[in-house]
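Asker:
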Amino acid sequence: MAFLTKGLATCAALLFMAAQAAAQQHGHGAAGSKAAEAQQAPAAQKSAAAPAAPQSAAAPTGADAHTPVVFTLRSGIAGGRLVFIGVGGDIEGKIDPQLTAHEGETVQINLINGEGAEHDVVVDQFAARSDRVIAKGASSTFSFTADRTGEFVYYCSLPGHRAAGMEGRLLVLPGPRSDVTADGSDITRDPSDVPAPIQARPPQTVRVDLETVELKGRLDNGTTYTYWTFNRKVPGPLLRVRVGDTVETHLKNSSDSVMTHSVDFHGATGPGGGAHFTQTDPGHESVVTFKALVPGVYVYHCATPSVAHHITSGMYGLIVVEPEGGLPQVDREFYVMQGELYTAKPYGAKGEQELDYDKLISERAEYFLFNGAVGALTKAHPMRARPGETVRIYFGVGGPNYTSTFHVIGEIFDRVYSAASLTSPPITGVQSVTVGPGSATMVEFKVDRAGRYILVDHALSRAERGLAGFLIVDGPKDDDIMHAGPATSSGNPVQPATAK
Ligand SMILES: [Cu+2]
């Protein structure tokens, strides 16, 4: 592991230098360098996933000492000195901020490299130190238990940096933190949040506005998670264009963000699907324009390292590129995406949940979710239809890792557009459809009989970890299709079914 870490660090340095050289050669400014760096360095930022939560002690997580109290520090220069600058919560913008924790709490410190020199954070008394952050934008994290009270010092151990100003105080107070509950925002996407079909029209230039927002969202009753989103919901908005359209995408990263974000459209052709041109720092906006060349239903997602961390935290959505002449008309359209979360605490734990990076990279998920949260499609936004109506579901998997075997219990898909291809004929009469991460499908079926149908991934253990949705069909029940009890007499004897 030590070897691997060292190898990655060397790799990071090389990639960073290469990116710098490329930026200089082509006369790019800082933005070009940043994009190149982010584009090339997924492995380089192996610890980049760590800053899960921008909140600090301003958002205490209750009396539970196992939920870490999180601080984020960014290296920078202030008044001609090298310093740590607080990020988020009540240390926001403060120079070498005082960090306050309570006895017994787990303290997590995220370090972001804000200016490009090499740094770390060390707290001697707890024998705790971060990995070094080597390149601008790189980040690392570490945590320790504040098992004694008093006043301690955190500092950067690189030669000369502490003397230059990179040190601050850590205060560990006796007794537990007072219990404060915070509910978090509703980040669930209503599956009926679907734009109108493209009417017959020639190709045109369309503008798409995406804002990347990091916010504490409700994962379940009494449980929150710091989501990273497109437009404050999970999944991001369903986008709808037609083949031949020119898509001008404005990606704004909220000034409240901690992380850089970007967007990779699987429906685009070009470097990184647009991610190359959209690595966007907090408070900035970037624009990328692409031509929608091929009809289909495509995933888009954030592609900033560590990409898996950005995706698991909610940064995915679908874009429908309609073929010329549009899609066949249906009565109802729904938008559903599946993803999974890797929380440090097990499924069902209360309070603020933190990402566990080891679980993420070893694919040990705690939560499986449709549209962002437990209950999003059962309690918050069940889907509804009437008997006899045709239903279309745009279904995608953000993941980042698990393949879904998408199934609607009690229904049969009349048409499945395999792999979300809209230029091939659909297959018909299908029970389940397999959709891998970063992939999608489009299914259509007529709801013949009233009742409650349940959307699942037929890997049904995942239903025990949050994954379910309801399609409620209200109206008269057609007993001819199904009813309780024996077949009603038609005058003919009941024959045995063929079985052996
Ligand atoms: Cu992102």
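In numbering that gives the first Met the number 0, the protein residues as written are 0 to 499.
Built from N, CA and C at the ideal position, the CB exists for glycine as well.
Does the separation of the CB atoms of residue 201 and residue 325 fall below 8 Å?
Answerer: Not a contact, by the Cβ cut-off of 8 Å.
Asker: Please report the residue range of the alpha helix (DSSP H) in which residue 359 lies.
Answerer: 356-360
Asker: Just to confirm, does residue 211 get its C-beta within under 7 Å of one of the non-hydrogen atoms of ligand 1?
Answerer: Indeed, a heavy atom of ligand 1 lies less than 7 Å from the Cβ.
Asker: If I measure Cβ to Cβ from residue 258 and keep anything under 6 Å in the same chain, skipping five residues before and after, which residues do I get?
Answerer: none
Asker: Given a cut-off of 8 Å, decide if residue 187 and residue 462 are closer than it, judged by their beta-carbon atoms.
Answerer: no
Asker: What does DSSP give as the partner residues of residue 151 in its beta bridges?
Answerer: 169.
Asker: Do the segment 377-385 and the segment 410-418 make contact, defined as three or more Cβ pairs closer than 8 Å?
Answerer: no
Asker: Report the three-state DSSP secondary structure of residue 431 (helix, strand or coil).
Answerer: strand
Asker: With three or more beta-carbon pairs closer than 8 Å as the criterion, would you say the segment 273-290 touches the segment 230-248?
Answerer: yes
Asker: Would you kindly check if the distance between the Cβ of residue 231 and the Cβ of residue 319 is under 8 Å?
Answerer: no
Asker: Should residue 399 be labelled buried (16 or more other beta-carbon atoms within 10 Å of its own) or exposed?
Answerer: buried
Asker: Cα separation between residue 104 and residue 168?
Answerer: 16 Å
Asker: What's the C-alpha gap between residue 74 and residue 129?
Answerer: Their backbone Cα atoms lie some 13 Å apart in a straight line.
Asker: Would the C-beta of residue 303 count as close to ligand 1, meaning under 7 Å from any of its heavy atoms?
Answerer: yes
Asker: Since residue 318 sits in a beta bridge, which residues does DSSP pair it with?
Answerer: 238, 297
Asker: Going straight from the alpha carbon of residue 340 to that of residue 69, what length do you get?
Answerer: Looking at the backbone, the Cα of residue 340 and that of residue 69 are separated by about 19 Å.
Asker: If distances are taken between C-alpha atoms only, which option among 354, 338, 214 comes closest to residue 66?
Answerer: Among 354, 338, 214, the Cα nearest to that of residue 66 is on 354.
Asker: Whole-angstrom Cβ separation of residue 207 and residue 242, contact assumed at under 8 Å?
Answerer: Not really, about 16 Å apart at Cβ, beyond 8 Å.
Asker: Tell whether a beta-carbon distance below 8 Å holds between residue 227 and residue 136.
Answerer: no
Asker: CB of residue 336 to nearest heavy atom of ligand 1: below 7 Å?
Answerer: no
Asker: With distance defined between alpha-carbon atoms, name the residue in 254, 233, 173 nearest to residue 396.
Answerer: 233
Asker: Contact check, residue 212 vs residue 253 under 8 Å by CB: the rounded distance?
Answerer: 5 Å
Asker: Quick check on the burial criterion: 16 or more other C-beta atoms within 10 angstroms. Buried or exposed for residue 436?
Answerer: buried
Asker: Threshold first: 3 residues or longer. Then list the beta strand (DSSP E) segments lying entirely within the segment 208-265, N to C.
Answerer: 222-229, 238-241, 245-252
Asker: Three Cβ pairs or more, each shorter than 8 Å: is that satisfied between the segment 355-367 and the segment 421-428?
Answerer: no
Asker: So for residue 193, helix, strand or coil by DSSP?
Answerer: In the structure shown, residue 193 sits in coil (DSSP, three-state: anything other than H, G, I, E or B).
Asker: Which residues does DSSP pair with residue 395 in a beta bridge?
Answerer: 336, 439
Asker: Taking the DSSP output, what are the residues bridged to residue 184?
Answerer: 216
Asker: Does the beta-carbon of residue 476 have 16 or more other beta-carbons within 10 angstroms, so that it is buried, or is it exposed?
Answerer: exposed
Asker: Beta-carbon within less than 7 Å of residue 493's beta-carbon, same chain only, minus the 5 sequence neighbours each way: which residues are those?
Answerer: 486
Asker: Determine, using beta carbons only, whether residue 504 and residue 466 come nearer to each other than 8 Å.
Answerer: Nothing can be reported for residue 504: it is not among the residues displayed for the chain, which extend from 0 to 499.
Asker: Should residue 378 go down as buried or exposed, given a rule of 16 or more other Cβ atoms within 10 Å for buried?
Answerer: exposed
Asker: Write down the C-beta distance between residue 291 and residue 274 rounded to the nearest angstrom, noting that I regard them as a contact closer than 8 Å.
Answerer: Contact flag wrong, Cβ pair sits at about 17 Å.
Asker: Using a 10 Å radius around the Cβ and a threshold of 16 neighbouring Cβ atoms, would you call residue 165 buried or exposed?
Answerer: buried
Asker: Between which two residues does the beta strand (DSSP E) harbouring residue 306 extend?
Answerer: For residue 306, there is no enclosing beta strand (DSSP E); the enclosing alpha helix (DSSP H) has its first and last residue at 306-311.
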